[in-house]
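Q: FYI, the numbering for the sequence shown is 1 to 415, going by the UniProt record's numbering. Glycine included, each C-beta is placed from N, C-alpha and C at the ideal position. As the structure is a computational prediction, the values presented were derived from the model and not from experiment. Could you have a look at this structure, given as C-alpha cells, before my questions?
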Amino acid sequence: MIDDIRKLIQQAAETARRETSDEPEPQFTGDVKYPVECQVGKGLEGAIATDTKVGYVNGAKGWLVYRGYDCFDLAEHSTFEETTYLLFEGKLPTRRDMDAFEEQLRGHRQVPEAVLDVLRRVPIDKTHPMSALRTAVSVLGNLDPDAEDTSPAKEKRIAVQLVAQFPTLVAAIARLREGKPVVAPRTDLGHAENFLYMMTGADPDPALAKVMDIMLILHADHGMNASTFTTMVVNSSLSDLYGSVTAGVASLKGPLHGGANEKVLYDLEEIGDAGNVPAWFARARETKRKINGFGHRVYKAYDPRARILGPIAKLITDRDPGTRKLYEVAVQLDHLVTSELGQEKKIFPNVDFYSGLVYRAMGIETAMFTPIFAVARVPGWTARALEYLADNRIFRPRAIYTGPVSERYLEIDRR
C-alpha cells in the first residue's frame, strides 16, 4: 500500500503541474525593501507583516513550498522529522544530521508526570481537547527552568522539545477521553508511528503510519495563518516560546481556523448518499449556506494538499466500509462544486475537505482532528517565530478610529 500511496502522490503532482504553474506571485516573492506598499483589507488581508524563507503559499497557482521544496516532493519522499529539520535549518539534512536530530526528538518525547496529572484532573469528557492541550503546553512551560531564557539556543531547544512532546500530549488527551490509561512513548519508532502507537496502544499498521506521516508533513506550515501569526505576535514581545505556542493553540482552536474538517464530515453525513448531492448543493446555493471544505483565504486554485489527500482518502476508505460511502458523497460534491464554482468564483476544495475522511477511516475520534493539526503545525509555528526573532520588531499595527472625539464628561448624577 505504501508504494500505491507514492504513486498517487506522483499522479497528483503531475496533475498539478499540468493544470497550474509554480510561477511565483511578484507581490509576495523576491527581495524586500521596507516600507512595503500593499493594499490592506479588514483582518489584515493583503498586509505584508514580514519577509520569510520558511515557506511560501502560491495562492494564485495552487502551490505550497517549504524552504524551496514543493509539498508533493516532500509528501512522497520525506518524513515529518526530516521536514521539521528542513523548516528549522533551511536545508535538507545529511545522514549524520538526520540521525542526530531524530535522537534529539526521541529523547524529548516523554512529558513530566505533573503535566499528565493536570490532564487527569481536567473534566476531560466535558473539555474541548484543544483547551486541554492549551493547558498542558502552559504547564510544560511552568516546569521548564529555561522557559524564560529567550536566547536563540534555548528557544531552539524548546522548539525541538515541543515538536517531540505534542504527540505525547495529544495522545494522552485522546486516551483519557476514552477512559483508557496513558501510553508512554517509545524511542524505537518514528514520529508518526510513535504517535499512532500512543493513541491506540498497539503497533501501528505501516501503511497507516505512512498516511499519518504525510498528513503531518502537509500541515507542518502554511504561511501567515491565524495561529502562526498569533505565535509570532506573542513571541515578538519577547515572551517565552511556551507562551507563544500556547497562544497558537488557542488560535487554532477557533472554528474559523481549526476544526473545518469536522464540519465537512457533518455535511457529508447530512447528505448521506452521492445521489443526494445535487439537491443538497442546490439548496446550499439558494440559502447561501457555507459549504465546508471549499474555498480558501489565500488559494484561488485547487489546494495542492487536497490534490494529495483526495486520492489517499479513496485508498484508505477502501479499507474501511464505514467511511467509503462518505467518500463517494465527497467525490460527487467535489466534482459539482468545482465544475460550477471553480472557474466562476475560484472556489475549490481545500485541505480540510478530505483530511477528516482520512482520519475517520483511521479510526480517530472527530474531536481529535484539530489537536492532530496542532501536532503537525508546531514546526511551522516555531520556525517562523524563531526566524522573526533574529531581526525582531514587536508587531504594532494601528486601527482606524471611527468613534466620537469631543464628548463632554458629565458627573454620574447628571446623566
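(1) Within the continuous alpha helix (DSSP H) that includes Leu8, where are the two ends?
(2) Report buried or exposed for Ala114, applying the criterion of at least 16 other Cβ atoms within 10 angstroms of its Cβ.
(3) What's the gap between the Cα of Gly295 and the Cα of Asn350?
(4) To which residues does DSSP link residue 417 through a beta bridge?
(5) List, from N- to C-terminal side, the alpha helix (DSSP H) runs of 4 residues or more that fit wholly inside the region 223-260.
(6) Could you check what DSSP says for residue 481 in three-state terms: helix, strand or coil?
(7) Would Gln10 be called buried (16 or more neighbouring beta carbons within 10 Å of its own) or exposed?
(8) What does the alpha-carbon distance come out to for the pair Glu23 and Glu102?
(9) Leaving out five residues on either side along the sequence, give the residues of the same chain with a beta carbon under 6 Å from the beta carbon of Ala226.
(10) Please classify Val160: does DSSP put it in a helix, a strand, or coil?
(11) Suppose you measure from the CA of Pro123 to the CA of Ala60; what does that come to, to the nearest Å?
(12) In whole angstroms, give me the CA-to-CA distance for Pro112 and Leu92.
(13) From which residue to which residue does the alpha helix (DSSP H) around Tyr197 run?
(14) Using a threshold of 8 Å, state whether the C-beta atoms of Leu74 and Thr83 are closer than that.
(15) Residue range of the beta strand (DSSP E) that Tyr56 falls in?
(16) Can you tell me where the alpha helix (DSSP H) with Met130 in it begins and where it stops?
(17) For Ile308, report the span of its alpha helix (DSSP H) as first-last.
(18) List the whole-angstrom C-beta distance separating Leu357 from Ala313, where the pair is believed to meet the contact cut-off of C-beta under 8 Å.
(19) What is the C-beta distance between residue 417 and Met130, in whole angstroms, given that I count them as a contact (C-beta under 8 Å)?
(20) Which same chain residues end up closer than 7 Å to Val57 when comparing Cβ atoms and leaving out the 5 residues on each side of it in sequence?
(21) Use the C-beta contact count for Thr279: other C-beta atoms within 10 angstroms, 16 or more gives buried, fewer gives exposed.
(22) Can you list, in chain order, the residues of its chain with a C-beta nearer than 6 Å to that of Leu386? Leave out the 5 residues immediately preceding and following it.
A: Short version:
(1) Ile2 to Glu19
(2) exposed
(3) 6 Å
(4) The question about residue 417 has no answer, for the chain in this structure spans 1 to 415.
(5) 226-236 and 241-253
(6) With the chain running from 1 to 415 in the structure shown, residue 481 is simply not present.
(7) exposed
(8) 34 Å
(9) Ser251 and His257
(10) helix
(11) 45 Å
(12) 31 Å
(13) His191 to Thr200
(14) yes
(15) Gly55 to Asn58
(16) Pro129 to Leu143
(17) Pro304 to Thr317
(18) 5 Å
(19) Residue coverage of the chain in this structure runs from 1 to 415, which leaves residue 417 outside it and unanswerable.
(20) Leu64, His222, Gly223 and Val298
(21) The question names Thr, but residue 279 is Ala in the sequence shown. Looking at its Cβ environment, which holds fewer than 16 other Cβ atoms inside 10 Å, Ala279 is exposed.
(22) Glu155
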